[in-house]
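Student: Residue numbers (our numbering): 188 to 813.
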């Protein structure tokens, strides 16, 4: 608190010679709003504190002093209520599930963007400080500016979501609030902390631009990310509790320790998966922003700037995309460990075909990212020498994509199964098992990393004397790694299925080892290298920008489908096996039905994002006209 006060004092008392009139006006406007924000925060704090005091008498009583009956214990703690269809109000005749579904998904889209952008913005700003290159500082500031508007959308959608849950699912909402009551204050506090840090971080960019002020600004950015990550892990605990409840009895009776509820079996896997996904997703959205600005740029300087920004955003998206399948595997593995039935439903039941669509979208992400890199070779002088490798990398990517896209089982009628000779295709069926798919995804990751490394080499001449030895070592690493991945994949066909799934660990380890070792060797080879010529920023063809739009749309649609999986895997349970859903929507949506809702939500989100882009462009034109 004292740190924030000190920063605010510096912000509104420091007169930077480089600060524009508009910047200072925004600073003063923000300062005028702060007392109202503080008053609101204090009011919420008092209300929560008062509520906590009123309920402390009952919560402090130990179970041992109570009656042995479950009824009396339920009065002390939160127990899962027994509901009927009449317990669920209707909203103007609309489906309650669809209303909550769309709003929740839009909220998560914006939340992922708002949480992901400050992470790499802080890194980019730090690079600018360490290198002294103002371009990085300007790019970081422009990235965070986009998230300012997105943050307001996130908060608004979160409020609407809470309203819908209270109105449409009152019993479930109260049950959840009683269990997570001890951390609600922390969540509210972190939300206000995130808001305060975000405003200081953006509006204080000019005032905190020199010397100690710049490091103070970086510290504010770090605090912004800490608050955001705290919000993320707390909200993840609510979702994972619904999927894999812990800290409650089999009939949903809260046992009194909220930490046992939070640290459920799926909490850490979901935390890691969302953290990586937020970075990749944030990169894809700012990449779409850069593509929009590139296509609408009126001068070559602006086109060059946004070309460089698009390249940076694509790099961020790739950095997040490469480890994302590994995090997804860990989450799936823990689902199996928690409930074998849930795992079977996920991979071999009604959701099996969803993963074919997932494979299609992930394949589009890999192909789109690589396509952008391949075209980008034309920016660098001498990059044409690597163009001959594109056809080989494209062949590997397409071949692996087709393997990953192959279904394990096919939905058929009895006569079709009889005609085919079984549920599995006699030729392609072998490609549908996890051994083949794990092999394919690891080879796609290695190929994408190779494409990026070749792009980094374009236009540079190494000066070290051991260049040939280093290149030979990198080549050997890629060949040996690929062979080991393939051998492990083939070996998986000769061992039982419960052992086969564990082979993904050495495959992943091989991929990571190749990436790390090759990166280190390549960095030392090209340290102090000479540039053949300047990078021709802005020379990218128009079609390259549509690859960035493809990444953003594919990521959004993929996140929507995965949200459907995490929710639908509970089937007819609010809280899996603990709290039954008796509403009219207590059914697992079909894939076709879910695809329509997810597609609609994706279109709405992309329209809102394009509006944010247009609004930013419109405001700049108005300022330029004045």
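A virtual CB, placed ideally from N, CA and C, is assigned to each residue, including glycine.
Fair warning: this is a prediction, and the values are worked out from it, not measured in the lab.
Note the first and the last residue of the continuous beta strand (DSSP E) segment covering residue 617.
Tutor: Run containing residue 617: none; DSSP gives neither H nor E here.
Student: Which of helix, strand or coil does DSSP assign to residue 248?
Tutor: Caution applies to residue 248, whose pLDDT of 34 falls short of 50 and renders its modelled position unreliable; the model cannot decide the point.
Student: Can you tell me which residues form a DSSP beta bridge with residue 278?
Tutor: According to DSSP, residue 278 bridges with 281.
Student: When you compare only the Cα positions, how much space is there between residue 662 and residue 699?
Tutor: Going from the Cα of residue 662 to the Cα of residue 699 covers about 15 Å.
Student: Name, in chain order, the residues that DSSP records as bridge partners for residue 648.
Tutor: Note: residue 648 sits in a beta bridge opposite 717.
Student: Closest to residue 403 by CA distance: which of 773, 552, 316, 676 is it?
Tutor: Among 773, 552, 316, 676, the Cα nearest to that of residue 403 belongs to 316.
Student: For a test of the three-state rule: what should DSSP assign to residue 760, helix, strand or coil?
Tutor: Strand.
Student: What whole-angstrom Cβ distance do residue 844 and residue 769 have, given they're in contact under 8 Å?
Tutor: Lying before the first or after the last residue shown, residue 844 is absent from the chain, which here runs from 188 to 813.
Student: Between residue 266 and residue 441, is the Cβ-Cβ spacing less than 9 Å?
Tutor: Closer than 9 Å, so yes.
Student: Below 6 Å CB to CB, which residues in the same chain sit around residue 761 once its five sequence neighbours on both sides are set aside?
Tutor: So the list reads 359, 768, once near-sequence residues are dropped.
Student: So the alpha helix (DSSP H) residue 655 belongs to, where does it begin and stop?
Tutor: Residues 654-678.
Student: Residue 289 to residue 571, Cα distance in whole Å?
Tutor: Taking the straight line from one Cα to the other gives about 46 Å.
Student: In chain order, what residues of the same chain have a beta carbon less than 8 Å from the beta carbon of residue 405, not counting five sequence neighbours either side?
Tutor: Excluding positions up to five away in sequence, the list reads 309, 312, 313, 316.
Student: Between which two residues does the alpha helix (DSSP H) holding residue 706 run?
Tutor: Residue 706 -> alpha helix (DSSP H) spans 691-712.
Student: Say whether chain E places a C-beta atom closer than 9 Å to the C-beta of residue 511.
Tutor: The structure shown contains no chain E, having only a single protein chain.
Student: In terms of residues, what are the limits of the alpha helix (DSSP H) holding residue 405?
Tutor: Here the alpha helix (DSSP H) through residue 405 covers 398-430.
Student: How many whole angstroms separate the CB atoms of residue 747 and residue 788, which I take to be in contact at a CB cut-off of 8 Å?
Tutor: 6 Å between Cβ atoms; contact.
Student: State the DSSP-derived secondary structure class of residue 774, mapped to helix, strand or coil.
Tutor: It is coil, neither helix nor strand.
Student: The ligand FMN and residue 379: does any heavy atom of the ligand fall closer than 8 Å to the residue's C-beta?
Tutor: By its list of ligands, the structure shown contains no ligand whatsoever, and the ligand FMN lies outside what it can speak to.
Student: Alpha carbon to alpha carbon, how far is residue 450 from residue 417?
Tutor: When rounded, the distance between both Cα atoms is 14 Å.
Student: Could you tell me which whole alpha helix (DSSP H) segments of length 4 or greater appear in the region 499-565?
Tutor: The qualifying runs are 511-525, 527-535, 541-563.
Student: Three or more C-beta pairs under 8 Å: does that hold for the region 418-425 against the region 481-491?
Tutor: With the cut-off at 8 Å, the region 418-425 and the region 481-491 do not touch.
Student: Can you tell me whether DSSP reads residue 435 as helix, strand or coil?
Tutor: If DSSP states are grouped into helix, strand and coil, residue 435 belongs with the strands.
Student: Write down the C-beta distance between residue 408 and residue 302 rounded to the nearest angstrom, noting that I regard them as a contact closer than 8 Å.
Tutor: Not confirmed; about 13 Å, so no contact.
Student: Determine, using beta-carbon pairs with one atom in the region 335-343 and one in the region 491-506, whether at least three such pairs fall under 8 Å.
Tutor: The region 335-343 is not in contact with the region 491-506.
Student: Helix, strand or coil for residue 801 per DSSP?
Tutor: Helix at residue 801.
Student: If you check the beta carbons only, do residue 435 and residue 352 fall under 9 Å apart?
Tutor: It is not a contact, given that the beta carbons lie outside the stated cut-off.
Student: Quick one: residues in its chain with C-beta nearer than 6 Å to the C-beta of residue 472, no 5 flanking neighbours on either side, listed in chain order?
Tutor: Once the five neighbours on either side are set aside, the close Cβ partners of residue 472 are 300, 739.
Student: Beta-carbon separation of residue 712 and residue 664 under 9 Å?
Tutor: Result no, Cβ atoms of residue 712 and residue 664 do not sit closer than 9 Å.
Student: Can you tell me whether residue 546 is buried or exposed? The criterion is at least 16 other CB atoms within 10 Å of its CB, across all chains shown.
Tutor: Buried: at least 16 other Cβ atoms inside 10 Å.
Student: Compute the beta-carbon to beta-carbon distance between residue 731 and residue 548, rounded to the nearest angstrom, for a pair I have assumed lies under 8 Å.
Tutor: Not a contact, Cβ separation roughly 20 Å.
Student: Considering Cα atoms alone, identify which of 793, 764, 734, 772 is closest to residue 482.
Tutor: For the residues 793, 764, 734, 772, the minimum Cα distance to residue 482 belongs to 734.
Student: Here's a check: name, in chain order, each residue in its chain whose Cβ is nearer than 8 Å to the Cβ of residue 721, leaving out the five neighbours to either side.
Tutor: Closer than 8 Å at the Cβ level, and outside the excluded window around residue 721, lie 568.
Student: According to DSSP, what are the bridge partners of residue 767?
Tutor: Looking at the DSSP assignment, residue 767 forms a beta bridge with 760.
Student: Excluding five sequence neighbours on each side, which residues of the same chain lie with their C-beta closer than 6 Å to the C-beta of residue 431?
Tutor: Hits under 6 Å: 451, 452, 453, 525.
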